[in-house]
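Here the structure comes first, spelled out in structure tokens, and everything after it is commentary.
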Amino acid sequence: MVIDSLENLTMYVSLHPRFPKAFNCLKKLNFSQLSKGKIIVDEEMYINVDEVALRSAEGARYETHDKYIDIQIPLTANEKVGYIDRSLLGDPSEVNEAKDYALYEAPMATTLDLRVGSFAIFFPQDGHMPILGEGMTKKIVMKIRV
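Numbering (the numbering used here), first residue to last: 1 to 146.
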């Protein structure tokens with residue numbers, strides 16, 4: 001897992017062979033002009049632009065992905081993100097292979113601040129609980145095939 005300022009995004013280009021293309025695509029986006037929906041980059045990556053209500057950690061579940069890496073970027077509101085190493089989560093309570101997610105019932109381990117102007121990268125070993133807080137947010141979730 002990585003959390004950093006968008007200004008430092010290119011420092012992480014060597015972490016995955018698809019990151020150069022992904023980061024170049026993100027740099028070209030005009031975040032203020034994005035509409036809710038899905039943007040197909042190629043057969044290995046896409047972007048979801050979401051407008052969602054932030055939620056309480058109570059009742060929220062950790063998620064993991066096997067096929068995709070997430071790059072999450074809040075656009076309009078700061079959020080908190082729960083984080084835990086996947087190896088500590090135990091068995092999932094729900095699995096959807098077609099949509100590439102597993103959900104887990106587990107107490108909050110670590111909470112991180114994900115601020116507007118920053119990003120988080122979640123790899124398959126990273127259990128994460130995004131969109132925690134109050135109010136609404138617009139965010140980007142870029143999905144990059146492992």
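Glycine included, each C-beta is placed from N, C-alpha and C at the ideal position. Note that the coordinates shown come from a computational prediction; the quantities given were computed from them, not determined experimentally.
For residue j and residue i, the rounded distance between their alpha carbons
i, j, result
"residue 143", "residue 72", "9 Å"
"residue 33", "residue 42", "21 Å"
"residue 38", "residue 16", "22 Å"
"residue 67", "residue 1", "16 Å"
Inter-residue CB distance, residue i and residue j (contact presumed, cutoff 8 Å)
i, j, result
"residue 18", "residue 45", "6 Å"
"residue 6", "residue 90", "Actually they do not touch by this definition, with Cβ atoms about 34 Å apart."
"residue 94", "residue 103", "4 Å"
"residue 140", "residue 88", "That pair is no contact at about 28 Å."
Cβ-based burial, residue i [other Cβ within 10 Å; buried from 16]
i, result
"residue 70", "buried"
"residue 47", "buried"
"residue 153", "Nothing can be reported for residue 153: it is not among the residues displayed for the chain, which extend from 1 to 146."
"residue 49", "buried"
"residue 138", "buried"
"residue 135", "exposed"
Distance cut-off 6 Å: residue i Cβ against heavy atoms of the ligand SAH
i, result
"residue 125", "As for the ligand SAH, it is missing from this structure, which has no ligand bound."
Does the count of Cβ pairs from the segment 102-116 and the segment 76-88 closer than 8 Å reach three? yes
Indicate whether the contact test is met: 3 or more Cβ pairs, each with one atom in the segment 121-130 and one in the segment 50-70, closer than 8 Å. yes
Counting only runs of 4+ residues fully inside the segment 90-140, write out the alpha helix (DSSP H) ranges in chain order. none
For the segment 23-104, list the alpha helix (DSSP H) runs that are entirely contained and at least 4 residues long, ordered along the chain. none
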